[in-house]
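Numbering (the UniProt record's numbering), first residue to last: 1 to 960.
Each residue gets a CB set at the ideal place from its N, CA and C atoms; glycine is no exception.
The structure under discussion appears below in the form of structure tokens.
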Amino acid sequence: MFTLISTARVYPPNEETLLDTRTVPGELKWAASPTEGGWEEVSIMDEKNVPIRTYQVCNVMEPSQSNWLRTDWIPRSGAQRIYVEIKFTLRDCNSLPGVTGTCKETFNLYYYESNNDREHYIRESNFLKIDTVAADESFTQVDIGDRIMKLNTEVRDVKVTTRKGFYLAFQDVGACIALVSVRVFYKTCPLTVRNLATFPDTNTGADTSSLVEVRGSCVNQSEEREEPKMYCGADGEWLVPIGGCVCNLGYEEKSGACQACTVGFNRAVSTDRACSKCPPHSHSEKEGAAVCDCNPGYYRSESDPASVPCTQPPSAPQQLISEVNETSVVLEWSAPLRLGGRKAGSILCLPCSQDVLFSPQQSGLRATRVCVSELQAHTRYTFTILARNGVSQGHSAGAGQSVSVTLTTNQAAPSPVTSIQAGDVTRHGVSLAWQQPDRPNGVILEYEVKYYEKDQKESSYRIMKTASRSADITGLSPLTVYLFQVRARTAAGYGEFSGPLEFSTNSDPLPLIGDAASSTLLLLSISGGVILLLTSTAVFIISRRYKHIWPQKNKIYVDPFTYEDPDQAVHEFAKEIDASYIHIEKVIGIGEFGEVCSGRLRLQGKREIYVAIKSLKAAYSNKQRQDFLSEASIMGQFDHPNIIRLEGVVTRCKPVMIITEYMENGSLDAFLRKHDGHFTVIQLVGMLRGIASGMKYLSDMSYVHRDLAARNILVNSNLVCKVSDFGLSRVLQEDPENAYTTRVTGTYHSPGGKIPIRWTSPEAIAYRKFTPSSDTWSYGVVMWEVMSYGERPYWDMSNQDVIKAIDEGYRLPPPMDCPVCLHQLMLDCWQTERTHRPSFTQILNMLDKLIRNPTTTLRRTGGDRPVPSLLEPVGGPEFVSVWSAEDCLQAIGMGMYRDTLTTAGYTSPDSLLTLTHQDMTSIGIITPSHQDQILASVQQVLLSHMQQIQEQMPDSMVPV
């Protein structure tokens, strides 16, 4: 008997087993074809000496073997993707004496979906192949001598969604193999409670990248704060929860449930996480109290929160004294003996007429003094002062807690005269009239008019007295400005003078320029001011233009992996964001390090924006954290309209997050597949131009992307394409030949993961040499993806076949309706010799020429004559002569910056396409929303305009 070396396995909680041959009692009795000489059911002992049923076959001496073994019908129990775990041993063909070339070391796995569990005969052709299974370890004759066989474990998965169940089948094609055990299972996200919401057991989706949205149910004694939901990932793991529930008042959260507050405790505010002890002078008599009731004789005001102590009303104020001064009264008192337990009391004065003034105020007093003025003279007043706190009003305990004083005001002078008017103006006199003071405070005995020349101020004035409310002033100088003031007198004396009334004895308006002013001097002054203004403007324009054309040193990318402390690189190139400013709304995908969500970011003093949020999954290692944040250290160095913009990072709390701008249309490949055939050629070329512009910026910074593909290009709502995903990227040093070399141990693996063979240049695959030229090769593949609306490069060819075909000179053919000039550019990018490939500067220039001359370039397809090579000039009318920068700015609603941009040298549509955030800030366009509008809209407006020109061409210009 052989001994099988294996390790006992405890199945994870997120796996539900449909079949496990080790637990099936008795014989399996699976259907075998042929029934004789093929698969044979055998009973053996496992490592714990427990008998298990296995199937074996070893027809290695006979050619053309096709031995089938079919399981019984397996119900899928709602699973959409099932996993098959096969434990088996396999004999090394080389260890079998006398065996010819018919011996195999693999077998095939098939499945067949069915609603019927009684199908006794199923055609072999009806089965669908899952995979060919090979052994990692095979045993030899020596192993048989030692009675130890090496056990292999392989897991395969397949989508099953059309029938109630399925059958599995194993095909032997000439191997010496033993199926030790077969386990069939599916994955679920197990029942869990997050944020006080219960999420039930949920089967994973049918696809390996699918997410199943699940709505949670609030636990007992809780209610929704925000709709609770989570996403069940294909691996059976729950992703980050969104929303959640909050315990009802009177309950607190403990161990994922809501428990009632005990006697003597309460929870009155939903934002409090736990129950708190009843405040002083209050109590609760039963569990689950939301508010503690006040003890007898104690109260809370309507505005008091339930968390403050209960208090009593205060006693009356003490030692009230008053002082009368004509029509004003000053009241002073001492504080009450008992304030009732509150920090501060307030004093309420009873209302008087609206004319009476209180200083500092009538109610809500904190000090023990008030001045009351504008009272009537010879009038009896009673003042009542009430001390109160927040619980005085409405409680009998507050009644009578006041003090009063009655007094009579004295005789007082009248208030100032108002509404003085002038009439019957002559060269030497004027007639005045006015109204009685608002508060005469007695009988008006007479009025006094004071007047004087304005130039003499009050150094020399004259007085006229009258008993009426009018006066005729005579003896004035002609053509002179006078000031007039009036006051009234009672037995108590004169009141204050009114405000001055200014009037001239000359009824005509005064001249703007005096008789002595010179018109010549005035003209010279105006002319001098205009010259000074023009000179200042010229100096400003010259200085602005000089600033713009001053040469700037090119910015060079800094590799964050060169930092001894990776966190230093993150904080140098990325802005730290407070997690409270971020609101996650939904999960939109799964990244290498965790889930990707969309949400909103609102920084202090800035408008709210939509963002994408990459989060680092829990239980990460230090290396995973460094690798995760390295992408932020890279993105933070870039500032270009066609490079994804980093908003910041969250590193000081968990989960660690990277915040980027939100691209509404997602990845370019999926976007194109969704809108297959919806765009014109010139729109597709516009997308390619944006990608090339971003790649030129990166190459100018001595930066190699290494993973340029349509899946790593994001598209926003304005169809602007932006390069993203810098996880595989590395720095290129000053010497272009000093290409980055990967350190690999496998065939197609690098430190950043598998090399994307279909997008990678031959020298990068063979020698691990990555340069801007290898990015150019990848860009050619991206061009092919765009023109084919997201078709998979090289279709279903294997990676080995792709490598072999490229080495033999094969290149992707032009997609349907692709202009020959674009396919020629792809072929230029796919030159075997990397030095013969165009740079991104040349690619960008070529695309600009194609866009400007759509009638002579983009109209051609494969049946037309050849187009000029990459470096040859393309003739035809230039687009810049059709439209100006001013037209473009007006079209996007940014015409207010026309002069600013023109002064700085941006006079053509071409120049507008080169703008960056830094450029606009340097020339005075500092509003972030305006910068974003210009960067996002200029390119699309230009392309739309060119498309209109193309559509308006006569039919004779369109090839048939």
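Of 404, 618, 673 and 175, the smallest CA-CA separation from residue 653 is found for 618. If you draw a straight line from the Cα of residue 175 to the Cα of residue 155, it comes to about 19 Å. For residue 473, the pairing in a beta bridge is given by DSSP as 430. Burial check for residue 703: the Cβ neighbour count within 10 Å reaches 16 or more, so the residue is buried. Per the C-alpha coordinates, the member of 201, 88 and 330 positioned closest to residue 178 is 88. Put simply, of 755, 574 and 129 the residue whose alpha carbon is nearest the alpha carbon of residue 657 is 574.
Boundaries of the alpha helix (DSSP H) harbouring residue 696: 681-700, taken from the DSSP string. For residue 793 against residue 759, the beta-carbon gap comes to about 7 Å, under 8 Å, which counts as contact.
Within the DSSP bridge table, the entry for residue 259 names 252 as partners.
Around the beta-carbon of residue 678, fewer than 16 other beta-carbon atoms lie within 10 Å, marking it exposed. The beta-carbon separation of residue 844 and residue 685, rounded to 12 Å, does not stay under the 8 Å limit for a contact.
Cβ contact annotation for residue 711 (same chain, cutoff 6 Å, sequence separation greater than five): 667 and 669, in chain order.
Here DSSP, grouped into helix, strand and coil, assigns residue 779 to helix.
If the five residues before and after residue 75 are omitted, its C-beta is found closer than 8 Å to the C-beta atoms of 18, 117, 164 and 165, all from its own chain and listed in chain order. Pairwise C-beta distances place the stretch 229-245 out of contact with the stretch 269-280, as fewer than three of them are shorter than 8 Å. If only uninterrupted beta strand (DSSP E) runs of at least 3 residues are considered, those enclosed by the stretch 47-117 are 51-58, 67-70, 81-90 and 106-114. With a contact defined as Cβ atoms closer than 8 Å, residue 891 and residue 907 miss out at about 16 Å.
Shown here, residue 164 sits in coil according to DSSP, grouped into three states, outside any helix or strand. In the assembly as shown, residue 120 is an exposed residue. Its beta-carbon has fewer than 16 other beta-carbons within 10 Å. As DSSP reads the structure, residue 266 sits in a beta bridge with 276. Under the three-state reduction of DSSP output, residue 402 falls in the strand class. The alpha-carbon of residue 412 is positioned some 33 Å away from that of residue 456. In terms of Cα proximity to residue 505, the closest of 223, 474 and 487 is 474.
Burial check for residue 696: the Cβ neighbour count within 10 Å reaches 16 or more, so the residue is buried.
With at least 16 other beta carbons inside 10 angstroms of its own, residue 756 counts as buried. Note on geometry: alpha-carbon atoms of residue 291 and residue 577 lie some 38 Å from one another. Judged by DSSP in its simplified three-state form, residue 362 adopts coil rather than helix or strand. Assigned with DSSP and collapsed to three states, residue 821 falls in helix. Note that the C-beta distance between residue 22 and residue 181 is below 8 Å. Residue 707 is classed as buried because its beta carbon has at least 16 other beta carbons within 10 Å across all chains shown. Contact fails between the stretch 443-455 and the stretch 355-366, because fewer than three Cβ pairs, one in each stretch, are under 8 Å apart.
DSSP places residue 608 outside any alpha helix (DSSP H), giving it a letter other than H or E. The Cβ neighbour count for residue 11, taken over all protein chains shown within 10 Å, is under 16; the residue is labelled exposed. In the structure shown, the three-state DSSP call for residue 888 is helix.
Straight-line measurement puts the Cα of residue 773 at about 7 Å from the Cα of residue 839. In this model, residue 585 and residue 204 are separated by some 21 Å (Cα to Cα).
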